[in-house]
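Numbering (my numbering), first residue to last: 191 to 830. Positions of the beta carbon are idealized from the N, C-alpha and C atoms, including for glycine.
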Amino acid sequence: MAKTHVRHFAIEKNIIFWCQNCNIPILDVHCGICREKGLQIVLTPPGDVRFASQHEHGIIDNIILESFSSVSLSGKLILLNKIPGEDRTDEIIVDGLRFGVLRFDMKEFNFKLDLMIEGASALIESGIRNKLVIISSRKGHLSGKTIDGHDVIECSDDIGAGDAVLVTGRNLQGFGISYRNSSELKNPGQSIKIKKIDSRRMFFISKNPSHDELIRANAPYMKRLVKDAVNTIRGIASQNDFKDSTVYVSFSGGKDSLTTLDLTRSALKKPLKVFFANTGIEFPETVEFARRFCKENDIELIEVEAKEAFWENLPSFGPPAKDFRWCCKVCKLAPINSVMEECTGGGRKCITVDGKRKYESFVRARIAPKEENPFVPGQVSVFPIRNWRAIEVWLYIYYRKLEYNPLYDMGFERVGCWLCPAELSAEYYRFRELHPELFKRWNEYLLKWAKEYGISDSFIEHGFWRWKTLPPKMIQLASELGIDTVLKSKEEDFGFTLTGGVSSCRTGGYTMEGKVKGLTLSEVLNIGNILGEIMFSEDLGVLLIRMKNSSVKIFSSGHISVNAPGKEEALSLFENTAKQLIRLKKCTHCGVCLKVCPAGAITIEPQLRILKECIRCKRCTESCVVVKYFDKLLPGFNTS
């Protein structure tokens with residue numbers, strides 16, 4: 191089994207502060223209103239903390255009301271800090287307390303609340319008497335221990351087996367899980383599993399700050415942050431190479447690009463242009479917002495449309511995945527590059543101001559202040575908010591009173607394409623509620639696709655289609671649910687399709703992708719040695735072929751992904767892979783390759799097979815009649 195590589199963010203800002211006097215989260219040590227020193231809160235990485243939306247607030251309120259018959263957090267300012275988890279998982283911070291974790295359960299398709307010790311204590315101190323267990327005083331460490339029924343002094347009458355409960359006893363407060371119903375809790379035997387308990391006492395703060403107070407408390411910090419961003423934009427735009435260049439802003443309709451657009455307008459006096467890549471699968475709310483915002487603010491909007499490109503390419507490539515984003519190339523990168531090529535025509539320089547942030551993903555954590563487009567000479571991208579966290583973006587939007595995409599208030603943390611594989615299941619189910627007709631179109635396709643590859647509807651329902659190679663957490667979930675995740679090969683005529691050209695890879699180097707039809711992985715295994723070292727996982731349905739600095743991945747669905755350190759190397763490797771696959775499929779058994787192989791590493795009966803003794807001299811490839819007429823056998827195949 192392949193080793194699991196755990197990636198970590200290089201954290202620069204993993205703390206916030208909380209002014210307990212004003213009851214406001216602050217980003218500086220001292221509050222901008224009362225000047226009191228704030229309580230430091232160390233955030234679980236990556237620390238991209240944000241304000242809870244109206245919809246998220248409602249989810250939390252409903253869970254607490256249902257569990258504890260309390261409205262303790264109603265009307266309070268809540269922060270959500272995204273942390274690693276199976277799906278949507280957020281640490282809840284309220285009144286400077288780590289209250290709990292809100293997570294979307296992938297088995298039951300609903301939100302669950304896991305209390306933390308500070309939240310449990312605050313609920314107990316607020317006077318809650320539901321789901322409450324009072325235990326006798328005991329010496330020693332109780333966290334993680336099981337309490338016998340003899341130690342239960344009193345309990346509320348609303349507890350069921352498996353319920354999360356609040357636990358208190360003399361000077362202790364905490365939470366746990368009940369093994370029994372209320373009527374049986376005092377009986378001998380195991381009654382309560384204590385998750386966490388200690389002697390700390392935590393309290394909610396009665397004061398609820400206004401929006402204006404939130405902005406004022408963080409004003410000094412935000413002014414410095416904004417000044418740095420504006421200076422970044424001005425500094426690059428004023429360089430000799432770019433003084434006469436048109437400045438473009440990439441506007442997706444999301445909060446980050448909205449902030450970047452407003453910062454750029456503040457930084458520069460000269461006119462700028464805004465381009466919006468309408469992929470054809472954008473949320474209707476996003477398209478409407480992008481157009482309206484630019485119109486109302488007298489901004490020149492260049493809307494590049496992919497139209498039906500996604501649906502036209504879907505039969506060839508199948509569903510996109512987190513590790514197979516062919517849709518981005520077809521629906522976004524190609525149209526955008528056409529705009530960039532136009533603005534750099536005649537040797538002109540072009541600046542694009544982009545809202546990418548380090549805290550969004552592992553890949554973006556490595557963003558430089560500016561980057562040159564390797565595919566469009568003369569085009570330079572600038573990232574003025576690359577070091578900003580989500581909370582800083584939202585504070586800027588509030589301070590500037592900017593209208594923003596309404597999807598954020600509807601429960602979406604990100605507002606990309608509505609069927610994007612990067613979308614969380616929690617957001618996918620929310621999308622289903624808001625746009626049932628769009629959901630129906632996509633879901634019907636996915637179910638049909640699943641049937642073609644011999645997998646169950648549950649595979650689609652639980653979101654496994656979003657990966658080609660499932661991460662460990664999803665493999666574990668599939669095992670627990672008893673869902674087969676290996677796609678069965680289809681009987682198809684041989685064919686080879688490209689997903690656009692070479693692009694820079696999110697994890698480094700260059701990548702090229704495509705799809706082969708009419709070959710199974712077991713057949714491809716026979717030819718793999720000519721390319722490199724083979725690693726095959728039947729369970730995962732993936733064949734990995736490794737070279738010194740390059741690799742080829744071939745999935746049971748037929749998808750192919752090539753990665754190499756250079757653009758030309760990626761092109762060459764992809765073409766060589768295609769040649770070996772068609773050679774395998776169309777082998778005439780002429781035997782010429784047997785005669786030229788110096789290592790005796792080839793057999794052709796009952797079918798072509800390259801043995802591990804192969805020294806990769808390429809003599810057999812050069813002598814093969816199938817490879818010689820490669821361009822005739824695969825007309826239209828062109829990697830350039």
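Residue i - DSSP class collapsed to helix/strand/coil
| i | result |
| --- | --- |
| Val816 | helix |
| Lys591 | coil |
| Ile165 | This structure cannot speak to residue 165, because the chain is shown only from 191 to 830. |
| Pro461 | coil |
| Lys663 | helix |
| Leu628 | helix |
| Phe199 | Residue confidence is low: Phe199 scores 43 on pLDDT, short of 50, so the model does not pin down where it sits. Its coordinate-derived value is still stated next. Reduced to three states, the DSSP call for Phe199 is coil. |
| Ser400 | coil |
| Leu721 | coil |
| Gln148 | With the chain covering 191 to 830 only, the question about residue 148 has no answer from this structure. |
| Ala354 | strand |
| Asp388 | strand |
| Phe394 | coil |
| Ala847 | The displayed coordinates of the chain run from 191 to 830. Any statement about residue 847 would go beyond what the structure contains. |
| Lys689 | Note that residue 689 is Thr in the sequence shown here, rather than Lys. It is coil, neither helix nor strand. |
| Trp208 | strand |
| Gln230 | strand |
| Phe649 | helix |
| Asn487 | coil |
| Asn766 | helix |
Contact belief for residue i with residue j at Cβ below 8 angstroms, rounded distance in angstroms
| i | j | result |
| --- | --- | --- |
| Glu246 | Gly606 | In fact, because the Cβ distance is near 18 angstroms, the residues do not count as touching under 8 angstroms. |
| Ala419 | Pro574 | 4 angstroms |
| Gly359 | Lys386 | Rounded, the Cβ-Cβ distance is 14 angstroms, inconsistent with contact. |
| Ser381 | Val342 | 6 angstroms |
| Tyr411 | Leu217 | 5 angstroms |
| Val357 | Gly350 | Actually they do not touch by this definition, with Cβ atoms about 16 angstroms apart. |
| Ile318 | Ser260 | 5 angstroms |
| Val840 | Cys780 | This structure cannot speak to residue 840, because the chain is shown only from 191 to 830. |
| Lys522 | Thr469 | 6 angstroms |
| Ala768 | Leu730 | Actually they do not touch by this definition, with Cβ atoms about 23 angstroms apart. |
| Ser243 | Tyr598 | 6 angstroms |
| Gly352 | Ser368 | 7 angstroms |
| Thr675 | Ala668 | 5 angstroms |
Same chain, Cβ closer than 7 angstroms to residue i, five either side skipped, listed in chain order
| i | result |
| --- | --- |
| Glu759 | Ser740 |
| Leu233 | Asn204, Ile205, Ile206, Val239 and Asn271 |
| Cys224 | Cys209, Asn211 and Cys212 |
| Leu609 | Ile471 and Trp632 |
| Met664 | Phe654 and Trp657 |
| Leu229 | Phe207, Trp208, Gln210 and Gly286 |
Neighbourhood of residue i by C-beta distance below 6 angstroms, restricted to the same chain and skipping five residues each side
| i | result |
| --- | --- |
| Ile587 | Tyr594 |
| Glu561 | Ser571 |
| Thr194 | With a pLDDT of 38 at Thr194, under the threshold of 50, the predicted position of this residue should be treated as unreliable, though the coordinate-derived value follows. Pro662. |
| Ala580 | Asp238 and Arg240 |
| Leu798 | Leu774 and Cys777 |
| Ile273 | Thr234, Thr279 and Glu281 |
| Pro611 | Pro510, Ala511, Lys512 and Arg656 |
| Gly644 | Lys678 |
| Lys539 | Asp431, Phe432, Ser435 and Gly568 |
| Ser253 | According to the sequence provided, residue 253 is Ile. The question's Ser does not apply to it. Around Ile253: Leu303. |
| Ala496 | Thr469, Gly470, Cys521 and Pro525 |
| Leu711 | Leu733 and Ser746 |
Spatially closest choice to residue i from the options, by CA coordinates
| i | options | result |
| --- | --- | --- |
| Ile268 | Ser260, Ser259 and Glu281 | Glu281 |
| Lys802 | Leu823, Leu763 and Ile735 | Ile735 |
| Gly699 | Pro755, Thr659 and Lys738 | Pro755 |
| Ser316 | Lys335, Leu362 and Leu263 | Leu263 |
| Pro474 | Ile231, Phe764, Ser442 and Asp452 | Ser442 |
| Arg406 | Arg590, Ala640, Glu642 and Thr767 | Arg590 |
| Cys804 | Val529, Lys822 and Gly790 | Gly790 |
Chain D contact for residue i (CB, 7 angstroms cutoff)
| i | result |
| --- | --- |
| Gly545 | The structure shown has no chain D; it contains just one protein chain. |
Residues near residue i in its chain [Cβ-Cβ closer than 8 angstroms; skip 5 each side]
| i | result |
| --- | --- |
| Glu670 | Lys297 |
| Asn398 | Asn213, Gly265, Lys266 and Leu267 |
| Leu771 | Phe686, Val706, Leu709, Val714 and Ile717 |
Item checked: the segment 715-730 contacting the segment 689-707, beta-carbon criterion three pairs below 8 angstroms -> No, they do not touch.
Check: Do three or more CB pairs link the segment 505-516 to the segment 682-691 at distances below 8 angstroms?
Finding: Yes, the segment 505-516 touches the segment 682-691.
Note to self: Under 8 angstroms: do the segment 291-303 and the segment 607-618 share three or more Cβ pairs, one atom per stretch?
What the structure shows: Using a C-beta cut-off of 8 angstroms, the segment 291-303 makes contact with the segment 607-618, since at least three inter-stretch Cβ pairs fall below that distance.
Note to self: Between the segment 387-397 and the segment 312-325, can you find at least three pairs of beta-carbon atoms closer than 8 angstroms?
What the structure shows: Taking 8 angstroms as the limit for Cβ pairs, the verdict is that the segment 387-397 does touch the segment 312-325.
Checklist line | Three-pair Cβ contact test at 8 angstroms for the segment 342-352 versus the segment 316-334 | finding: These segments touch.
Margin query: So, does the segment 499-506 touch the segment 748-757, judging by three or more C-beta pairs under 8 angstroms?
Written below: No, the segment 499-506 is not in contact with the segment 748-757.
Check: So, do the segment 432-447 and the segment 456-467 have three or more beta carbon pairs nearer to each other than 8 angstroms?
Finding: The segment 432-447 vs the segment 456-467: in contact.
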